[in-house]
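Per the numbering used here: the sequence shown = residues 628 to 913. I have placed the structure first, in the form of structure tokens, so that the comments after it can refer back to it.
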Amino acid sequence: MSIVYLNGEFLPIEEARIPVLDRGFIFGDGVYEVIPVYDRRPFRLHHHLDRLRHSLDGIRLANPLSTAEWETLIGRIVAEAEWEDQGVYLQITRGPAPRDHAFPKTVTPTVFVMATALTTPSAEIVTHGVAAITAADNRWLHCDLKTTSLLANVLLRQLSVDAGCAETILIRDGCLSEGSASNIFMVKDGVVLAPPKSNLMLPGITYDVVLELASSEGLASAVRPITDAELRAADEIWLTSSTKEITAVTTLDGKPVGNGQPGPIFKRMHAAYQTYKHQVMRGKND
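Given below as structure tokens:
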């Protein structure tokens with residue numbers, strides 16, 4: 628039985644309830660965060676909490692808990708869960724109020740936290756990579772906020788499901804933005820390339836880790852706009868996220884990426900990421 632946290636209580640998930648007039652339910656008026664946990668150690672916890680604060684600031688909602696309170700709360704959820712590797716999900720909404728688009732004068736945020744088993748890429752995916760498609764990025768202009776209003780992402784992700792693919796890679800005004808649920812990297816002539824952070828993409832925690840690891844591995848890298856044409860001519864394409872870690876895209880829109888197999892830079896970076904992850908599990912990094 629999974630134990631969750633809801634508004635000051637720890638209780639079985641089957642017993643967790645929110646009012647139907649909660650603004651998260653009515654308007655999608657809230658934010659969320661997902662924190663990977665390896666061997667019961669949260670991965671880059673403070674980076675995730677910083678991003679949570681950025682999202683809350685972006686929707687003008689005060690953070691209901693201090694950093695220390697979040698650490699204690701997440702620590703208990705991790706300890707209560709049955710899995711060693713977990714995904715801890717946090718959601719904060721503006722809380723229940725009469726239905727009105729304007730903010731309520733008095734706000735009592737809804738705070739929800741749960742853990743689920745963390746599923747990372749299988750050995751088959753690491754070995755053979757995945758297929759992806761592209762689509763026009765038709766989302767709003769604050770993709771840097773991790774809000775619960777995800778209908779546009781859901782519809783874009785479903786396009787890849789319908790096509791039997793793992794992800795939809797998004798193009799806006801002729802340039803790469805991100806995936807429907809991931810950040811995107813590419814490699815050309817040995818150089819690791821990433822689109823710059825902006826309001827048009829979520830600032831991924833794994834995105835930062837990949838750039839740090841590329842530097843520590845002595846790989847050339849650049850953060851700059853990437854055109855649609857450059858993406859299609861890439862030697863390698865990667866998806867990155869807390870659950871995807873680093874995953875190679877070997878087919879894009881039905882055509883092979885490079886030679887159609889995970890490339891040598893991916894293999895090097897995947898190994899570096901696994902080493903770094905195990906250091907986190909041993910408490911040597913956060």
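Cβ coordinates follow ideal geometry from the N, Cα and C atoms, glycine included. All values reported here derive from a predicted model rather than from experimental measurement.
Counting only the Cα atoms, arginine 687 lies some 26 Å from serine 868. Distance check between isoleucine 853 and each of Met813, His674, Ile653 and Thr746 places Met813 closest, using alpha-carbon atoms only. Pairing valine 819 with serine 807, the inter-Cα distance amounts to about 21 Å. Just measuring C-alpha positions, the residue of Tyr903, Ile811, Val876 and Ile645 sitting nearest alanine 724 is Ile645.
Annotation: methionine 908 is outside any beta strand (DSSP E); the continuous alpha helix (DSSP H) that includes it extends over 891 to 908. Per DSSP, glutamate 751 is one residue of the alpha helix (DSSP H) stretching across 750 to 755.
Selection Val715, Met896 and Pro736 evaluated against asparagine 634 yields Pro736 as nearest (Cα-Cα). Within 10 angstroms of the beta-carbon of aspartate 656 lie 16 or more other beta-carbons, which makes it buried. For phenylalanine 637, the uninterrupted beta strand (DSSP E) run begins and ends at 636 to 639, by DSSP.
Judged by their CB atoms, alanine 742 and glycine 714 are nearer to each other than the 8 Å cut-off. Taking 8 Å as the cut-off, the beta carbon of threonine 720 is found no closer than this to the beta carbon of isoleucine 760. Contact between tyrosine 665 and leucine 717 does not hold, since the beta-carbon distance rounds to 18 Å and is not under 8 Å.
Here the alpha carbons of valine 781 and isoleucine 653 stand approximately 17 Å from one another. For the pair alanine 643 and glycine 722, the Cα-to-Cα distance works out to about 15 Å.
In the DSSP assignment, the residues bridged to glutamate 794 are Ala759. Per DSSP, the unbroken beta strand (DSSP E) holding glutamine 713 starts and ends at 713 to 720.
By the 16-neighbour rule on beta-carbons within 10 angstroms, phenylalanine 637 is exposed. Judged by their CB atoms, valine 757 and alanine 793 are nearer to each other than the 8 Å cut-off. By the CB criterion at 8 Å, tyrosine 900 and isoleucine 864 fall outside the cutoff. In the three-state DSSP reduction, leucine 768 falls in the coil class, being neither helix nor strand. Apart from the 5 residues on each side of it in sequence, aspartate 880 sits with its Cβ closer than 7 Å to the Cβ of Ile760 and Thr761 in its chain, given in chain order.
DSSP lists Thr867 as the beta-bridge partner residues of asparagine 810.
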